[in-house]
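Student: Residue numbers (this note's numbering): 61 to 386.
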Amino acid sequence: MKLLICGGAGYVGSHMVRYLTGQGHEAVVYDDLSTGHRQAVPREVAFVHGDIGDAARLARVFATQRFDAVIHFCAKSLVGESVGEPYAYYRNNVANTLVLLGAMRDADVDRLVFSSTAAVFGHPQAERIDESHPTAPINPYGQSKLMIEHVLADAAKAYGLRSVALRYFNAAGADPQGTIGEAHEPETHLIPNVLKAVLGQGAALNVFGDDYATRDGTCVRDYVHVNDLASAHLLAIEYLAGQPGAHRFNLGNGEGFSVREVIAAAERVTGKAVPHTIAPRRAGDPATLVASSALARAELGWEPRMVRLDDILASAWRWHREPAFG
Ligand code: UDP
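1. Taking the alpha-carbon of Ala163 as reference, which of Thr278, Leu221 and Glu187 has the nearest alpha-carbon?
2. Measuring from the CB of Thr248, is there a heavy atom of the ligand UDP at a distance below 7 Å?
3. Tell me which same chain residues have a C-beta within less than 6 Å of the C-beta of Ala216, skipping the five on either side of it?
4. Would you call Leu259 buried or exposed, if buried means 16 or more other Cβ atoms sit within 10 Å of its Cβ?
5. For the beta strand (DSSP E) that contains Asp91, what are its first and last residues?
6. Cα separation between Glu382 and Leu255?
7. According to DSSP, what are the bridge partners of Phe174?
8. Indicate whether Ala232 and Ile65 have their beta-carbon atoms separated by less than 8 Å.
9. Once the 5 residues before and after Asp111 are set aside, which same chain residues still bring their CB inside 6 Å of it?
10. Check for me: the alpha helix (DSSP H) holding Val211 runs from which residue to which?
11. Whose C-alpha, out of Asp128, Tyr228 and Arg120, is nearest the C-alpha of His85?
12. Alpha carbon to alpha carbon, how far is Ser175 from Ala290? Give it in angstroms, no decimals.
13. For my contact list, Tyr283 and Asn199 are in at a C-beta cut-off of 8 Å; report their separation, rounded to the angstrom.
14. Applying the 10 Å Cβ sphere with the 16-neighbour rule, what's the burial state of Pro197?
15. Indicate the three-state DSSP secondary structure (helix, strand or coil) for Thr37 in the structure shown.
16. Measuring only from the beta carbon, is Asn266 closer than 7 Å to any heavy atom that is part of the ligand UDP?
17. With hydrogens ignored, establish whether the beta-carbon of Val286 is closer than 7 Å to any heavy atom of the ligand UDP.
18. Between which two residues does the beta strand (DSSP E) carrying Val284 extend?
19. Using three-state DSSP, classify Asn313 as helix, strand or coil.
20. Could you tell me the distance, in whole angstroms, from the CA atom of Ser142 to the CA atom of Ala69?
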């Protein structure tokens with residue numbers, strides 16, 4: 061298959077591109093490099109420098125090449141930032157996605173896999189969140205992703221667009237080959253910040269809140285390896301070949317770890333202490349988010365491979381010690 065990977069220079073997107081080419085598919089990356097890295101895209105993969113809000117540029121891409129499907133990773137994705145800058149989130153994640161969807165429709169490309177998020181659920185009302193859990197985002201980031209899920213449901217009815225929204229819980233780790241990894245600037249995510257603290261890069265880790273209603277007072281999250289997310293996207297595209305409509309699946313390992321437990325695991329994996337201090341809660345953070353991925357396993361045949369937290373951390377550690385794209 062030939063696939064357009066919007067946001068293919070970013071963290072999850074670049075792992076997707078490697079995974080697809082490794083499976084014998086052709087990928088074309090479309091990315092504005094606002095947060096992604098040109099070096100994260102292999103030289104042999106075609107690269108278009110563009111913004112998904114640029115209708116003319118997208119129209120040219122779709123006019124000159126035929127794609128079997130689009131995978132859409134382009135987004136602003138920081139919960140805390142979204143609370144302070146909602147317009148930027150709705151413009152990027154909602155308005156620009158509508159431009160991409162319009163360009164796909166004009167070009168008769170009818171399969172899409174969309175990066176969604178556990179943040180569509182808001183405060184969990186169950187120990188494990190499955191697809192029947194109510195959606196009630198508590199921050200603009202989650203709200204922006206949920207809006208597009210609604211758009212996709214309407215687009216399925218009106219235009220026959222086939223789509224899968226994949227709600228990632230906490231994407232983590234790096235390709236074990238060590239040539240790509242998580243490189244955000246500034247870095248806000250827990251695991252990279254834990255490893256940076258180990259490496260003495262910057263100040264000690266801030267633990268955002270230790271007074272949550274969890275087993276040790278720190279937030280609990282479900283960390284899922286980035287290559288396992290990539291495999292789910294390819295399965296989703298294949299699924300859409302036989303399934304019209306708009307579908308949603310939750311992707312996680314089904315086990316939650318607290319911030320303190322992630323710190324302990326990092327100390328086991330690195331053999332070093334993680335310097336950290338307790339800081340105030342971060343705006344927009346729910347106490348616990350853990351997935352049930354039973355539906356993705358049953359419907360897509362998804363089987364995550366790197367499920368142990370220590371293995372996920374070891375893959376991230378390999379990258380953070382030598383974060384060079386190769
Ligand atoms: N976190 C933290 N210190 C950091 C970064 C994150 O304590 O430097 C906490 C954060 O408050 C949340 C969890 O770690 O409870 C995971 O945050 P992350 O930003 O990695 O992912 P999110 O859950 O926001 O998608």
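Virtual Cβ for every residue (Gly too), placed ideally from N, Cα, C.
Tutor: On the basis of the coordinates in this document:
1. Along the sequence shown, one-based indexing puts residue 163 at 103. Closest option to Ala163, Cα to Cα, is Leu221.
2. Against the sequence shown, residue 248 aligns to sequence position 188. Because some heavy atom of the ligand UDP lies under 7 Å away, the Cβ of Thr248 counts as near it: yes.
3. Locating residue 216 in the sequence shown gives position 156, counting from the first residue. If we look at Ala216 and ignore the five residues flanking it on each side, its Cβ neighbours are Gly305 and Ala306.
4. Start at 1 with the first residue of the sequence shown, and residue 259 comes out as number 199. Classification of Leu259: exposed, given that the 10 Å Cβ count is below 16.
5. As a first step, residue 91 must be located in the sequence shown, where it is residue number 31. Element bounds for Asp91: Glu86 to Asp91.
6. Residue numbering aside, residue 382 sits at position 322 when the sequence shown is read from its first letter. Residue numbering aside, residue 255 sits at position 195 when the sequence shown is read from its first letter. For Glu382 and Leu255, the distance between alpha carbons rounds to 12 Å.
7. Mapped onto the sequence shown, residue 174 falls at position 114. Bridge partners of Phe174: His132 and Ala225.
8. As a working note, residue 232 is residue 172 in the sequence shown. As a working note, residue 65 is residue 5 in the sequence shown. No, the pair does not count as a contact, with Cβ atoms beyond the cut-off.
9. Here residue 111 is taken as the residue at index 51 of the sequence shown, counted from 1. Once the five neighbours on either side are set aside, the close Cβ partners of Asp111 are Asp92.
10. Counting from 1 along the sequence shown, the entry for residue 211 is found at position 151. Its alpha helix (DSSP H) spans residues Pro200 to Tyr219.
11. Here residue 85 refers to the residue found at position 25 when the sequence shown is read from its first residue. Measuring from the Cα of His85, the nearest candidate turns out to be Asp128.
12. Numbered from its first residue, the sequence shown carries residue 290 at position 230. Numbered from its first residue, the sequence shown carries residue 175 at position 115. So the two alpha carbons sit approximately 11 Å from each other.
13. Along the sequence shown, one-based indexing puts residue 283 at 223. Along the sequence shown, one-based indexing puts residue 199 at 139. Actually they do not touch by this definition, with Cβ atoms about 20 Å apart.
14. For the purposes of this step, residue 197 is identified with residue 137 of the sequence shown, where counting begins at 1. In the assembly as shown, Pro197 is a buried residue. Its beta-carbon has 16 or more other beta-carbons within 10 Å.
15. Residue 37 falls outside the range modelled here, since the chain spans only 61 to 386, and no answer is possible.
16. Counting from 1 along the sequence shown, the entry for residue 266 is found at position 206. Asn266: yes, Cβ under 7 Å from the ligand UDP.
17. Taking the first residue of the sequence shown as 1, we reach residue 286 at position 226. Flag unset: Cβ of Val286 not near the ligand UDP.
18. To locate residue 284, count along the sequence shown from 1; it is residue 224. For Val284, the enclosing beta strand (DSSP E) starts and ends at Tyr283 to His285.
19. For the purposes of this step, residue 313 is identified with residue 253 of the sequence shown, where counting begins at 1. Note: Asn313 maps to coil in three-state DSSP.
20. Counted from its first residue, the sequence shown places residue 142 at position 82. Counted from its first residue, the sequence shown places residue 69 at position 9. The C-alpha of Ala69 is placed about 21 Å away from the C-alpha of Ser142.
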